[in-house]
Amino acid sequence: MNDPLTTSELAGPETCGDPVGSKETATHDAWPEMPTTSFPEPRRNSYAVRERWREVARMVVLGVRPGVIAQELDLTPSTVSSILRQPETQQYIEELRTMRDENVADVHDRIVSCADNAVNFLEAILNGNEDVSQALKLKAALTILDRAGHPAATKNIHVGLTGHLSAQDIEDMRRRAQDSGSMVAEQVEDLTDLTAMDAVVQNAEENTK
C-alpha cells in the first residue's frame, strides 16, 4: 500500500520545495499590474520658477537688457518678455528700485556726516597734533585749499605754427622753464620740434615757387 501524498507533493512540481517561487507568486497575485497609460509630467518646482523671475527683475533693475538676460539665464526672449509683463514682476521691480534709491540716499547722508570728522583730522595734521610726515601734511594742506576753491594753477603754452620764434627765443624759454623747476621744459622741447617742422615746410614751399 502506497504512502499518502504530502502537501508539498500535492502542490505540484512548480512550487514543490521552492519557497522563493511561492513568495514571488504570492507577491505577483497581491499587487495589480502597472497601468499602461502614461502619467502626466510633474509640475515644475514653484520655488525655482519664482527665483527665476526674481532674478530677471533684479537684472532689469541693474540695467541689463532683456536680450542679455535671456542669454545669461538660458531663456528665450519671449519668455523674458512674458515674465516682465506680469504684475508681480512689475511690483517686485518697483520694490527693488525703491530699496536702491534709499540705499543711495543713506550712503550720501553717511558721507556728509563724516565730513566734519574729516576736516577735524586735516586740521589736526596741519596743527601738528598727529605724528605724520611732512609730505602728508603738505597733501592735507593742498586738499583743503582745493576744496576751498583754490586749486593748483596749471600752465599751458599755446603757440601757433604760423608764429616765428628764433633759436635764441626758444633757448631763453627753455632756460626760464628749467630755472622755475616746472614741467614746462618738456613742452618747450616739443615746441622746438614743431618750430623745426614749420621751417622745413616753409623751405619746401619756397623751393616750389
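181 is the number of the first residue of the sequence shown in this note's numbering; add one for each residue after it.
Glycine included, every Cβ here is placed at the ideal spot set by N, Cα and C.
Computed from a predicted structure; not experimentally measured.
For Asp254, the three-state secondary structure derived from DSSP is coil.
Between the C-alpha atoms of Ala321 and Asn300 there is a straight-line separation of about 13 Å.
According to the DSSP assignment, Ser293 belongs to the alpha helix (DSSP H) that extends over 267–306. Contact check for Ile273 against Val236 fails: the beta carbons are separated by 7 Å or more. Within the same chain, Cβ atoms closer than 8 Å to the Cβ of Pro331 are found at Leu325, the five residues on either side in sequence being excluded. Rounded to whole angstroms, the separation of the alpha carbons of Arg245 and Thr323 is 41 Å.
By the criterion of a C-beta distance shorter than 7 Å, Ile305 is surrounded in its chain by Val312, Leu316, Lys317, Ala320, once the five residues flanking it on both sides are discounted.
Residues of the same chain with a CB within less than 8 Å of the CB of Ile249, apart from the 5 flanking positions on each side, are Val236, Met239, Val240, Leu255, Val260 in chain order.
Following the DSSP letters along the chain, one finds Leu316 inside the alpha helix (DSSP H) bounded by residues 314–327.
Between Thr278 and Trp233, the gap from beta carbon to beta carbon reaches 7 Å or more. In the three-state DSSP reduction, Gly243 falls in the coil class, being neither helix nor strand. In the structure shown, Ser262 adopts helical secondary structure according to DSSP, grouped into three states. Note on geometry: alpha-carbon atoms of Val284 and Arg354 lie some 51 Å from one another. Cβ-Cβ separation between Pro257 and Gly247: approximately 6 Å, consistent with a contact (criterion under 8 Å). C-alpha of Arg290 to C-alpha of Asn297: approximately 12 Å in a straight line.
Short of 7 Å from the beta carbon of Asn307, and not among the five residues preceding or following it, lies no beta carbon of its own chain.
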